[in-house]
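Quick mapping for you: the protein sequence lines, in order, are chains A and B. Reading the first sequence from the start, the letters are residues 584 to 1039 in my numbering. Reading the second sequence from the start, the letters are residues 1365 to 1530 in my numbering. The C-beta atom is built at its ideal place from N, Cα and C for all residues, glycine as well. Report on the structure given below.
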Amino acid sequence: MSSLNASLATALSGLTAEQGALQATTNNVANANTPGYSREVPVFVASAPIIVDPLTLGSGVTLQSIESVRDPILESRIQQETQTQGQWTALASALSQTQVNFTSGSGDIGSAISNFFNSINQLSTSPADLSLRQGVVTAADNLATSFNVAANNLAEQRTSLNGSVEQSVEQINQLTQQIAKLNGQISNLQNVGEDAGTFLDQRTQLIDQLSSLVDVSVIPTDNTISLTTANGTALVAGQQSFQLSTQPDASGVQHIFAQGNDITDTMVSGQLGGLIQARDQEIPGIQAQLDTLAAGLANAVNQVQTGGYDLNGNPGTNLFNAPPASGTGAAASLSVAITDPSLIAASSDGTPGSNGNAEAMFALSTQGLIQGQSPTDYYSGVVFNVGNASANANAEQSASAQVLQQLNDQRSSVSGVSLDQEAANMMRYQQAYSASAQVITTINEMMQTVINMKTS
Amino acid sequence: MSHQLFSNAKFGTAEAESGKQPPAGPEKKADDIAESSLNLLRQLEASLQASQRALLSGDLEALQEKTCEQLRLQGALQACWSQNGAGARESNPMLAEFAIASDLRAAQMRVLDLGRVQAAILSRANRWLTTVSNLLAGAAAGYSSPVKRWTPCSPRRSVGGSKGVA
């Protein structure tokens, strides 16, 4: 009788285990289209045998656990590439906006430089003509305005990026809080030997989201993980998250702080890294080039202007208000100093008919005024640099998208649900369940036989 | 493949070089340069797309084959332009008047963009290979990449005619 009971227990263990396995399959099928879901597989182990001397009898099966199928290295690669994509997406977007300032058109700096020198060239043909003189003043004013507009647009873009940095930090804080909370839930389940697959999937998705914002390193520890930035700043340690904060410096630029330390310069990847690169490196670099051009051009024109004579025979005065000595802010502040067209110093000898100084001023258009380059060539270089940086950022973004697609496909093949495979598993578990049930029926009949033997 | 490479290109062919064709005027010559360049650029574009797919799918054999093909196409383009002056450049005023000048410029931009993307994907693949090779090398390994440098293509191999590296 005891051996029949043991057989019954063994058959019951089979029923229970197959039922659990079927539950895993059911869950897989239900989540076949759930983003980030990792398929679950049942882990069967043979139960500890019973030793009935001299026999060692098997005692059935135990469903030890239901495990989610994951490839940690693949997930790490996805997170790394997500960071890279975040960085280049932010940078490409910023540079695309920057590029608008340098698009050829009637109001761009390149056209304004050409128009200015053309107006001087025209004036040299008839230096006493007031309408041509007015044309020079207007063209100078347009030139200054085009520099002002471009510089202001770049400054506004930096302000906008500043706001984006703050938003990114808020998003990072929200995500790290959620990840820390999930760490706690995962630990609690794993400590009692339960499967935390669902929470692990949620955490993986949140880490992916966090990776798109900031350069994250995932450090696994016992039943939990810690997250740091690439330079080691703690973001999450187990169930505790460490908040980042932003503080503006004297110029209004938002810096990022972690536990009192300024970590702005260490942000090199993720959306935040891209935003900071655009805000603190790319755009200031373009601003500096525009300042160099504006200051170089204004100083050269002023030098020639003050070396000549105006229509009244007086020594010339500055055409442009003198730019700052350092050159910083020259593009934003460039302005025309004179409104009276007769003050244009076209004459080289003080006579109204002289065009010597106008020709000298026109000659500036081809002279290497700015770092050995003519104003037009230098500006072309600026436009090329912006276009090149933008094209590179777009190419990097495209490469990241392709690599990520490939990695996600790989993750799907490892962790994704195959409905065909699940259908096969379902049949397998169903058959095993039926077989165990048949064993129970047989044992029942055997027991009935034994009982009938006693009563008969 | 090598034959196919030049079959539609009027430059670099034995026929063109032997001087059997009647002398063409400057316009005809520029038109030929433009057509040849466009043809080579389109082949280069297709080759770059194929090598990107090979790189992403980890098909190293195809990647090497396509890289060799690209080197030869690049050489053919340089030969096409250098043998005929700087004629094929879109900035050439003679070419700018031809109908395919805009096609040529667009093809150049597409090749440039594809080249940039290819470089970016290659740098990622290189980074990953370095990581893996350092992992496999164990704790005794230094930080320098143990990955061997790529063996250059043989300059005389026909385009796409064989697999692997000489």
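Beta-carbon contacts of residue i that lie in its chain and below 8 angstroms, excluding the five residues immediately before and after
i, result
"L1420 of chain B", "I1485"
"Q680 of chain A", "Q740"
"F782 of chain A", "L765, Q768, I769 and L772"
"A984 of chain A", "Q668"
"Y1016 of chain A", "G597, L598, E601, Q602 and L605"
"A592 of chain A", "S642 and G643"
"N940 of chain A", "V887, Q888, G890, G891, Y892, G899, A928, A929, S930 and S931"
"Q1087 of chain A", "Past the boundaries of the shown model lies residue 1087 of chain A; chain A is included only from 584 to 1039, so the question cannot be answered."
"T608 of chain A", "E1005, N1008, M1009 and Y1012"
With 16 other Cβ atoms within 10 Å as the buried cut-off, status of residue i
i, result
"Q888 of chain A", "buried"
"A833 of chain A", "exposed"
"N1008 of chain A", "buried"
"D1003 of chain A", "exposed"
"Q1078 of chain A", "Examination of residue 1078 of chain A is not possible in this model, given that chain A is present from 584 through 1039 alone."
"E1429 of chain B", "buried"
"A1373 of chain B", "Caution is warranted here: a pLDDT of 39 is assigned to A1373 of chain B, below 50, making its placement in the model unreliable, and the coordinate value is therefore given only provisionally. By the 10 Å Cβ count, A1373 of chain B comes out buried."
"L1408 of chain B", "buried"
"I1034 of chain A", "exposed"
"A1450 of chain B", "Here A1450 of chain B scores only 48 on pLDDT, less than 50, and its place in the model is too uncertain to base an answer on."
"G1439 of chain B", "exposed"
"I755 of chain A", "buried"
"N614 of chain A", "buried"
"S687 of chain A", "exposed"
"E1379 of chain B", "For E1379 of chain B, the pLDDT reaches just 41, beneath the cut-off of 50, and the residue's location in the model is therefore unreliable, although a value from the coordinates is still provided. Classification of E1379 of chain B: exposed, given that the 10 Å Cβ count is below 16."
"P831 of chain A", "exposed"
"L1399 of chain B", "The sequence as given places Glu at residue 1399 of chain B; Leu does not occur at that position. So E1399 of chain B counts as buried."
"I1006 of chain A", "Per the sequence presented here, residue 1006 of chain A reads as Ala, with Ile not at that position. Exposed, since its Cβ has fewer than 16 Cβ neighbours within 10 Å."
"T1431 of chain B", "buried"
"V819 of chain A", "buried"
"G1525 of chain B", "Confidence is the limiting factor: at G1525 of chain B the pLDDT is only 39, short of 50, which leaves the residue's position unreliable, though a coordinate-based value still follows. Exposed, because fewer than 16 other Cβ atoms sit within 10 Å of the Cβ of G1525 of chain B."
"E777 of chain A", "exposed"
Proximity below 8 angstroms, CB of residue i to CB of residue j
i, j, result
"I696 of chain A", "F945 of chain A", "no"
"S621 of chain A", "I633 of chain A", "no"
"A914 of chain A", "F685 of chain A", "no"
"D874 of chain A", "T829 of chain A", "no"
"Q706 of chain A", "I953 of chain A", "Contrary to the premise, residue 706 of chain A reads as Leu rather than Gln in this sequence. For L706 of chain A and I953 of chain A, no; Cβs fall outside 8 angstroms."
"I884 of chain A", "V720 of chain A", "Inspection of the sequence shows that residue 884 of chain A is occupied by Val rather than by Ile. Cβ atoms of V884 of chain A and V720 of chain A: not closer than 8 angstroms."
"S1019 of chain A", "A604 of chain A", "no"
"T787 of chain A", "E658 of chain A", "yes"
"A837 of chain A", "V748 of chain A", "The sequence shown places Gln at residue 837 of chain A, not Ala. Going by C-beta atoms, Q837 of chain A is nearer than 8 angstroms to V748 of chain A."
"G693 of chain A", "Y962 of chain A", "yes"
"S1411 of chain B", "Q1442 of chain B", "no"
"L827 of chain A", "V752 of chain A", "yes"
"Q1472 of chain B", "L1405 of chain B", "yes"
"S586 of chain A", "I1026 of chain A", "no"
"L917 of chain A", "A881 of chain A", "yes"
"I1464 of chain B", "L1402 of chain B", "yes"
"L726 of chain A", "A677 of chain A", "no"
"R1488 of chain B", "V986 of chain A", "yes"
Beta-carbon proximity list for residue i, same chain, < 7 angstroms, skipping 5 on both sides
i, result
"A878 of chain A", "P906, G910 and A913"
"D791 of chain A", "I661, Q662 and T665"
"G1422 of chain B", "none"
"N895 of chain A", "S925"
"D724 of chain A", "V919"
"P1386 of chain B", "Per-residue confidence for P1386 of chain B stands at a pLDDT of 48, beneath the threshold of 50, marking its modelled position as unreliable; the derived number appears in the next sentence. Cβ within range, chain order: n/a, list empty."
"N611 of chain A", "R622, E623, V1000 and E1005"
Proximal residues to residue i (C-beta, below 6 angstroms), its chain only, five neighbours per side dropped
i, result
"A1426 of chain B", "A1418"
"R1474 of chain B", "E1409"
"S948 of chain A", "F700"
"S1455 of chain B", "Annotation note: pLDDT 47 at S1455 of chain B (below 50); position unreliable, coordinate value reported separately. For S1455 of chain B, where only same-chain residues beyond five positions count, there are no Cβ hits under 6 angstroms."
Residue i: CB within 7 angstroms of a non-hydrogen atom of the ligand MN
i, result
"Q1434 of chain B", "The model on display carries no ligand, and the ligand MN is accordingly not part of it."
Three or more C-beta pairs closer than 8 angstroms, one from the region 1474-1483 of chain B and one from the region 976-987 of chain A: is that the case here?
yes
Stretch pair the region 896-907 of chain A + the region 849-864 of chain A: three plus CB contacts closer than 8 angstroms:
no
Check whether the region 611-619 of chain A touches the region 644-652 of chain A, taking contact to mean three or more Cβ pairs, one atom from each stretch, closer than 8 angstroms.
no
For the region 819-880 of chain A, list the alpha helix (DSSP H) runs that are entirely contained and at least 4 residues long, ordered along the chain.
853-860
Could you name each continuous alpha helix (DSSP H) segment of 4 residues or more that falls completely within the region 757-782 of chain A, going from the start of the chain to the end?
none
Would you say the region 838-856 of chain A touches the region 798-816 of chain A, given that touching needs at least three Cβ pairs under 8 angstroms?
yes
Given 8 angstroms, three or more beta-carbon pairs between the region 749-766 of chain A and the region 586-600 of chain A:
no
Does the region 658-672 of chain A come close enough to the region 795-803 of chain A to have 3 or more Cβ pairs within less than 8 angstroms?
yes
Which whole runs of the alpha helix (DSSP H) in the region 897-959 of chain A are 4 residues long or more, in chain order?
913-916 and 939-946
Inter-stretch contact at 8 angstroms, needing at least 3 Cβ pairs: the region 989-1004 of chain A / the region 652-662 of chain A:
yes
Let me know the alpha helix (DSSP H) ranges lying completely inside the region 689-760 of chain A, each 4 residues or longer, listed in chain order.
692-708
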